Amino acid sequence: MNPLRSLILAAAGSEVVRRLVATTPGTSGVVERFVAGNTVADAVTRVGRLVDDGLWVTLDHLGEDVTEPFHAERTVQTYLALLDRLYAEGLTARVEVSVKLSALGLRLDERLALDNAYRVCAAAEQCGTTVTLDMEDHTTTDATLRALAELRRTWPWVGGVLQSYLRRTEDDVRDLAVGDSRIRLCKGAYAEPGEVAFSHTHEVDLSYVRCANLLLAGDGYPMFATHDPRLIAILAERARWYGRKQGSYEYQMLYGVRPDEQRRLAGEGETVRIYVPFGEHWYAYLMRRLAERPANVGFFLRALVSRS
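Residue numbering for the sequence shown follows the working numbering, starting at 1 and increasing by one per position.
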């Protein structure tokens, strides 16, 4: 693993570094580039602008690894309020939500997290939209895939996420590239041991392309989460090779990252969905985004200096 990436991921778990970043003048302005505010109202306002630009959206309420049932319930209530607001604003045709099971209580009890996910999915169905279960570190992969299978018994449209840096992912893709299965393929953003994850960028990229081929050859709906220009070009070529029409797959990108490319792809008729996080617990998310592309650290530091 890139030493800088390892350092950034270690900083993600440091309370001392978190306080330092949070109290540095100019931080809030930088965070606003990547996080759509603290509240449901903030998020819906930002999302409305993206939809007006012809983009699609998945919304994630930040906050994971909860250790109290109260916090899991608060997460559920935030999602219910968010879905109601999206419906009231007429946005659910193009906006869905992404949910982490650890934010719903997975670390406390797997059944609790599943029950809470049921509540979010039921509300999404009533509001006319969908849910994608985010993937977290490798210790939660099996539990997340079990939850996905269970939720799909009632709602086949529930989306899942697979990470190409995990050595197991190619086999998981083979199992899930079926029917109308919605699968987001990303590289992965957690610090993982070498026995379960590829350690070199080239290996991760090769795995991504192998998994993308399996998804495009299958009967499901692939959702390709990447900002890598080379991978985007490869995906476009492979989609043509497999006879995939626009709208039978989509690209996904993070809020605030390569907005010009987002608009370019959308302008060419591609479905482009923006992953939009919101909420007060932005620090760990921001650190993972920096770790995914350490070159972003320079941008982050320059922005802090220019705003301080």
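All C-beta atoms, glycine included, are put in the ideal place defined by N, C-alpha and C.
Everything numeric in this text was worked out from a predicted model, so none of it was measured.
Close beta carbons around E192, own chain, < 6 Å, minus the five adjacent residues each side: H138
Three-state class that DSSP yields for H71 in the structure shown: helix
At least three beta-carbon pairs within less than 8 Å, the stretch 140-147 to the stretch 106-115: yes
Cβ contact (3+ pairs, closer than 8 Å) linking the stretch 191-209 and the stretch 156-171: yes
Buried versus exposed, by CB contacts within 10 Å (16 or more), P156: exposed
Beta-carbon gap between I234 and V257 smaller than 7 Å: no
Cβ-Cβ distance between E96 and T58 below 7 Å: yes
Spatial distance of G160 from V99 (CA atoms): 10 Å
Cβ-Cβ distance between V272 and Q262 below 7 Å: yes
E270 vs Q252 beta-carbon contact at 7 Å: no
Burial state of W241, where buried means 16 or more other Cβ atoms lie within 10 Å: exposed
Residue nearest to C186 in terms of C-alpha spacing, selected from S102, A239, L162, T92: L162
Beta-carbon separation (whole angstroms), N116 vs A72, contact threshold 8 Å: 6 Å
Beta-carbon proximity of R238 to L215, cut-off 7 Å: no
Neighbourhood of V305 by C-beta, 6 Å cutoff - its chain only, sequence neighbours within 5 removed: For V305, the predicted model reports a pLDDT of 48, less than 50, meaning its position is unreliable; a value from the coordinates is still stated below. So the list is empty, once near-sequence residues are dropped.
Exposed unless 16 or more other CB atoms sit within 10 angstroms - verdict on L286: buried
Close-in-space but distant-in-sequence residues of the same chain around V317 (CB under 8 Å, 5 per side omitted): The structure shown does not extend to residue 317, since the chain spans only 1 to 308, so no value can be given for it.
DSSP state of R152 mapped onto helix, strand, coil: helix
Cβ neighbour criterion (16 or more within 10 Å) applied to L86: buried
Short Cβ contact (7 Å threshold) for E125 with S102: no
Beta carbon of D134 nearer than 7 Å to that of G179: no
Same chain only: Cβ atoms within 6 Å of L62, ignoring 5 sequence neighbours per side: P277, G279, H281, W282, Y285
Neighbourhood of L80 by C-beta, 6 Å cutoff - its chain only, sequence neighbours within 5 removed: A123
Cα-Cα separation between D53 and L265, rounded to whole angstroms: 12 Å
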